[in-house]
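All residue numbers for the sequence shown refer to our numbering, where the first residue is 1384 and numbers rise by one.
Glycine included, C-beta positions come from ideal geometry on N, C-alpha and C.
Read the structure below first, then the notes.
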Amino acid sequence: GNTELNKFGNSIRKQLNRHYEEIASAGVENLVIDIRSNGGGNQEISIELLRHLSPKPFELFTDNYLLINQIPNRKLYNGNTFFLNLLGGIGLKEGPDGIYRYLKLLDWVNGSNTHTEPIEAATYQFKGQAYCICDGYSFSAAGQMASWLKTYTNCLFVGEEIGGAETTLTAGEYLELELPNSGVRAILPIVFEELNNPRGQTGHGVKPDFPIRNSIQDLVAGHDAIMAFTRHYITKGQETGDQYAVTKAKR
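In structure tokens, the structure reads:
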């Protein structure tokens, strides 16, 4: 089975549920998840995918917080800052450490889980071997999903290091700031997310078990060496892995 995800939009939620029901019924043993050039999007979709791959309940975050609950100088920002400040006033609570964390009200407003409570596994489970093909443009929600796949499943990673950090990221809501004199614009993420990752802060994205890049010759010829390796590994198993290790050692 092959699942290619180049963005995480709302429209694929029902598609994923139907897809994994078919996978379970067909008894698929190997699943390739291609998240190359996936810059993220709605993290609820990556969570929905994980529900079909993790056999047990899982926790997403150890912490989510903002440093402020009100946006100062609102006229400098584009977007509905009035609404964000309204939510900040009623949906965030200041902790003893002086930073602001979500109240459950924001779960209802966002339609998402912003807390650290366990999420149940889906009814239809993939029980075989999963492979995640990734590159440096896999980040944000795609980077989150890769980190959770590494934590909660037996997934093997092929390709390049994930662009998004493995443990922490600043994401969620964004502000677009326009400086009044120069007109220079900047995009500012305002939510800090700490993923539930027992490996701790590594300063890297998820690193592949098999680091492979398509060469210039591959790109010109339209040959996907990364996918070709993955399919060959599925059919040849450990033999391919041994050959890869030998080839890498000779370089």
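Rounding to the nearest angstrom, what Cα-Cα distance links Asp1607 and Cys1515 in this structure?
Your numbering for residue 1607 matches position 224 in the sequence shown. Your numbering for residue 1515 matches position 132 in the sequence shown. Their Cα atoms are separated by approximately 15 angstroms.
Using DSSP bridges, identify the partner residues of Gln1512.
As a first step, residue 1512 must be located in the sequence shown, where it is residue number 129. Note: Gln1512 sits in a beta bridge opposite Asn1413.
From the DSSP output, which residues share a beta bridge with Leu1558?
Stepping through the sequence shown from its first residue, residue 1558 is reached at position 175. In the DSSP output, where bridge partners are listed per residue, Leu1558 has Leu1571.
Helix, strand or coil for Phe1612? Go by DSSP, reduced to three states.
Taking the sequence shown and counting its residues from 1, the one referred to as residue 1612 is at position 229. Reduced to three states, the DSSP call for Phe1612 is helix.
Which residues DSSP lists as bridging Arg1484, in chain order:
Residue mapping note: residue 1484 aligns to position 101 of the sequence shown, counting from 1. Answer is Lys1476.
Leaving out five residues before and five after Phe1575 in sequence, what residues of the same chain have Cβ atoms less than 6 angstroms from its Cβ?
Taking the sequence shown and counting its residues from 1, the one referred to as residue 1575 is at position 192. Cβ within range, chain order: Tyr1448 and Thr1553.
Quick check: does the Cβ of Phe1593 come within less than 6 angstroms of any heavy atom belonging to the ligand HEM?
As presented, the structure is devoid of all ligands, the ligand HEM included, so that no description of it is given.
At least three beta-carbon pairs within less than 8 angstroms, the region 1408-1417 to the region 1501-1516
Flag = yes, the region 1408-1417 and the region 1501-1516 touch.
Rounded straight-line distance, which links the Cα of Ala1513 to that of Leu1436
For this step, residue 1436 is matched to residue 53 along the sequence shown. For this step, residue 1513 is matched to residue 130 along the sequence shown. Our two residues, Leu1436 and Ala1513, have alpha carbons roughly 8 angstroms apart in a direct line.
Secondary structure at Gly1583, three-state DSSP: helix, strand or coil?
Walking along the sequence shown from the start, residue 1583 turns up at place 200. Note: Gly1583 maps to coil in three-state DSSP.
Do you know offhand how far Gln1453's Cα is from Pro1572's?
As a position in the sequence shown, residue 1453 is number 70, starting the count at 1. As a position in the sequence shown, residue 1572 is number 189, starting the count at 1. If you take the alpha carbons of Gln1453 and Pro1572, they lie about 14 angstroms apart.
Same chain only: Cβ atoms within 6 angstroms of Thr1585, ignoring 5 sequence neighbours per side:
As a first step, residue 1585 must be located in the sequence shown, where it is residue number 202. Counting only Cβ-Cβ distances below 6 angstroms, and skipping sequence neighbours, we find Glu1549.
Can you have a look at Gly1527 and say buried or exposed, based on whether 16 or more other CB atoms are within 10 angstroms of its CB?
Residue 1527 sits at position 144 when you count from the first residue of the sequence shown. Reading off the sequence, residue 1527 comes out as Gln, not Gly. Label assigned to Gln1527: buried.
Residues that DSSP places opposite Cys1517 in a beta bridge:
Looking up residue 1517 in the sequence shown gives position 134. Answer is Gly1542, bridged to Cys1517.
Spatial neighbours of Gly1478 in its chain, beta-carbon cut-off 7 angstroms, leaving aside the 5 residues before and after:
The residue you call residue 1478 lines up with position 95 of the sequence shown. Exclusion of the five residues before and after Gly1478 leaves Arg1484 as the residues of its chain whose Cβ lies within less than 7 angstroms of its Cβ.
In the DSSP assignment, what are the bridge partners of Asp1446?
For this step, residue 1446 is matched to residue 63 along the sequence shown. In DSSP, Asp1446 forms a bridge with Glu1577.
The alpha helix (DSSP H) with Leu1432 in it runs from where to where?
Your numbering for residue 1432 matches position 49 in the sequence shown. Gln1426 to Arg1434 is the extent of the alpha helix (DSSP H) around Leu1432.
Kindly indicate which three-state DSSP category Thr1441 falls into: helix, strand or coil?
One-based indexing of the sequence shown puts residue 1441 at position 58. Rather than Thr, the amino acid found at residue 1441 in this sequence is Phe. Strand, per DSSP.
From the DSSP secondary-structure annotation, give me the bridge partner or partners of Phe1593.
In the sequence shown, residue 1593 corresponds to position 210, counting from 1. Beta-bridge analysis with DSSP links Phe1593 to Val1541.
Report the CB separation of Ser1521 from Ile1418 in whole angstroms; it is logged as a contact under 8 angstroms.
Sequence index remark: in the sequence shown, residue 1521 carries index 138 (1-based). Sequence index remark: in the sequence shown, residue 1418 carries index 35 (1-based). The pair is a contact, with the Cβ atoms about 5 angstroms apart (cut-off 8 angstroms).
I'd like the span of the alpha helix (DSSP H) that includes His1526, first residue to last.
Here the question's residue 1526 lines up with position 143 in the sequence shown. In the sequence as presented, His is not what sits at residue 1526; that position holds Gly. Unbroken alpha helix (DSSP H) run through Gly1526: Ala1524 to Tyr1535.
Sheet register partners of Tyr1460 (DSSP bridge)
Taking the sequence shown and counting its residues from 1, one reaches residue 1460 at position 77. According to DSSP, Tyr1460 bridges with Leu1560.
Counted within 10 angstroms of its Cβ, other Cβ atoms place Phe1465 as buried (16 or more) or exposed
Taking the first residue of the sequence shown as position 1, residue 1465 is located at position 82. The residue in question, Phe1465, is exposed, as its Cβ has fewer than 16 Cβ neighbours within 10 Å.
In terms of DSSP beta bridges, what is Ile1502 paired with?
The residue given as residue 1502 occupies position 119 in the sequence shown. Looking at the DSSP assignment, Ile1502 forms a beta bridge with Phe1441.
Identify whether Gly1494 lies in helix, strand or coil by the three-state DSSP scheme.
Along the sequence shown, one-based indexing puts residue 1494 at 111. For Gly1494, the predicted model reports a pLDDT of 49, less than 50, meaning its position is unreliable; a value from the coordinates is still stated below. Coil, per DSSP.
Would the beta-carbon of Pro1501 fall within 7 angstroms of that of Glu1442?
The residue you call residue 1501 lines up with position 118 of the sequence shown. The residue you call residue 1442 lines up with position 59 of the sequence shown. A contact, by the Cβ cut-off of 7 angstroms.
Using a 10 Å radius around the Cβ and a threshold of 16 neighbouring Cβ atoms, would you call Tyr1616 buried or exposed?
As a first step, residue 1616 must be located in the sequence shown, where it is residue number 233. Buried, since its Cβ has 16 or more Cβ neighbours within 10 Å.
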